[in-house]
């Protein structure tokens, strides 16, 4: 499931990168033919890969988990290949352009995403259909191919419930007079708060929906179920219900916990797990799930998703700015060539995809693995020793066909987990040490997130890139409109904001040479000259003349302030005091600045 969460996020990201502004260049028949051909190539490759793997099943006999390990790795490779073919469908074969021709779909992010995910699900179903013989050989699970495919669909669809709910809310808000989330929450802070609150509500109430979707039933009807419920009660653990998890006809050996508050918290266990493990081992598994609740791991997962949202907003702008600096970027976007723009959007999505994979695979994956270890140690503490949780892990590895030594990005291998648990025999404070390690790691993560989030979304780096892009655009416009003084003025302002006073002076000079009535340019040029660190006496005198001319045209407080400063640096304190008093009288807002200038000119500072 965790792998598929990443796959679905990537697919939605690929689909939502870019906006088709032109109709598709090719016919619908071409798109349909390319989609079918892509699927056919993908199917043939899957068949070939799984046939080769099935031939290795005899060689894998006697080597515990070897076939299962190869099966899982092949599944990952084929899922990544499915994402590649999906990207081709969206960015090369005009799928998105055709969808945007349908009015109802064009105006609904939920319908767009549903169509996109349906295509990706079709690729996944192809994998599951072809993979079934290898799955049956690797895991010795007696279910039919139909049940295997339906179970995979039923198991994975709830991953998309939060996205579907969020998209529905987004579509409904788009129908309001405010025009959507952006209209209601105009700044980044507001949008982050909205998404965080919404995701929190989903995590509270969604488990109740998911347990019905999976067809879960209470375990209290069996003797073992009642024993386990008594164990939870004795330990003072608060939850809504202990459920039988019938996924894959109950043959998958796993357990889980859903819900961040007790009223909507469910613990799930499959039939296979109930059959294979002893009562004490089942209690150890429950204690492991209790550990997830005790340490609020689900809340941390929410924080990790919010953290990704924080940096993804910043990185998306950052990478867009970088691409904008590339020559010809704007021409491609506005040139009307759908294929070129689509490929550009695909290239633009690559840095975001890399960021996503690195964040979830390595950053969140690091915490997920250590959260599992934390829950294992908590189980050992609750059970009075590690023997029960160790034996349960060893049985799961033995009876499920999984490799004991195969880790994943979100779990240590069973061998690694068992070895760590054995350390509790000699290290009685291991749980405290590990808790401290997790806490320090999270503090480092949170501090890094704050620094990176600020730098990408609000810091000087982002502002600098904004001005660099604006400057590049203005320079391109000057080449087309060399007599447009407004462009020169904007360029001077941008240069001034970027701290390049010499270049700003150059552009202001160009303006006042052509038009002596540009009061803003006269004032700003005078200000740069009088506040410069290496301005010559001749330039200071020129600045005084420029400031006088600006005040003659527009006697505004800000222009009077520049004139007063010019008098002051030229040694005429009396005129500086007179003019700044005049500016103070005309000021309609905060006069603190002008009063400070007056004190400076009077020598009272």
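In my numbering, the protein residues as written are 11 to 615.
Glycine included, C-beta positions come from ideal geometry on N, C-alpha and C.
Remember, predicted model here, so these are calculated numbers, not experimental data.
A Cβ-Cβ distance of about 14 Å is found for the pair residue 280 and residue 268, leaving them out of contact under the 8 Å criterion. Only buried fits residue 277, as 16 or more other CB atoms lie within 10 angstroms of its CB.
When rounded, the separation of the alpha-carbon atoms in residue 271 and residue 308 is 10 Å. DSSP places residue 255 in no alpha helix (DSSP H) but in the uninterrupted beta strand (DSSP E) bounded by 251-255.
Taking a C-beta distance under 7 Å as the contact criterion, residue 295 and residue 402 qualify as a contact pair. Residue 266 is bridged by DSSP to 278. Between residue 384 and residue 305, the CB-CB gap stays under 7 Å. Counting only runs of 3 or more residues that sit fully inside the stretch 522-599, no beta strand (DSSP E) segment turns up.
DSSP places residue 402 inside the alpha helix (DSSP H), whose first and last residues are 397-410.
Counting only residues of its own chain and dropping the five nearest sequence neighbours on each side, residue 522 has a CB closer than 8 Å to the CB of 528, 531, 532, 535, 556.
Collapsing the DSSP output to three states places residue 492 in coil. Shown here for residue 601: same chain residues with a beta carbon closer than 8 Å to its own, the five before and five after excluded, namely 594 in chain order.
Scanning its chain for C-beta atoms nearer than 6 Å, with the 5 sequence neighbours on each side dropped, one finds around residue 155 the residues 142, in chain order. Beyond the five residues adjoining it in sequence on each side, residue 89 comes within less than 6 Å, by CB distance, of 17 in the same chain, given in chain order. As the crow flies, the alpha-carbon of residue 93 is around 13 Å from that of residue 13. The Cβ-Cβ distance between residue 464 and residue 508 does not fall below 7 Å. Taking all protein chains in view, the Cβ of residue 38 is surrounded by fewer than 16 other Cβ atoms within 10 Å, so the residue is classified as exposed. By the Cβ-count criterion, residue 572 is buried, with 16 or more other Cβ atoms from all chains shown falling within 10 Å of its own Cβ. Around the beta carbon of residue 112, fewer than 16 other beta carbons lie within 10 angstroms, which makes this residue exposed.
Counting along the chain, the unbroken alpha helix (DSSP H) around residue 113 starts and ends at 113-116. Around the CB of residue 576, 16 or more other CB atoms lie within 10 Å, so the residue is classed as buried. Scanning its chain for C-beta atoms nearer than 6 Å, with the 5 sequence neighbours on each side dropped, one finds around residue 559 the residues 532, in chain order. Looking at the DSSP output, residue 228 sits in a beta bridge with 253.
Residue 203 and residue 450 have their C-alpha atoms spaced approximately 26 Å apart. If you draw a straight line from the Cα of residue 492 to the Cα of residue 179, it is about 48 Å long.
Measuring C-alpha to C-alpha distances from residue 542 to each of 252, 81, 510 identifies 510 as the nearest. DSSP, reduced to helix, strand and coil, places residue 103 outside both helices and strands of the structure shown, so it counts as coil.
274 is the residue among 274, 160, 110 whose C-alpha sits nearest the C-alpha of residue 215. Boundaries of the alpha helix (DSSP H) around residue 20: 12-26. A residue is called buried once 16 or more other Cβ atoms fall within 10 Å of its Cβ, and residue 505 is buried on that count. Ranked by Cα distance from residue 512, the options 388, 47, 133, 544 are led by 544. If you draw a straight line from the Cα of residue 266 to the Cα of residue 247, it is about 15 Å long.
Counting along the chain, the unbroken alpha helix (DSSP H) around residue 427 starts and ends at 424-432. In this structure, the alpha-carbon of residue 229 lies about 5 Å from that of residue 235. A Cβ-Cβ distance of about 18 Å is found for the pair residue 96 and residue 120, leaving them out of contact under the 8 Å criterion.
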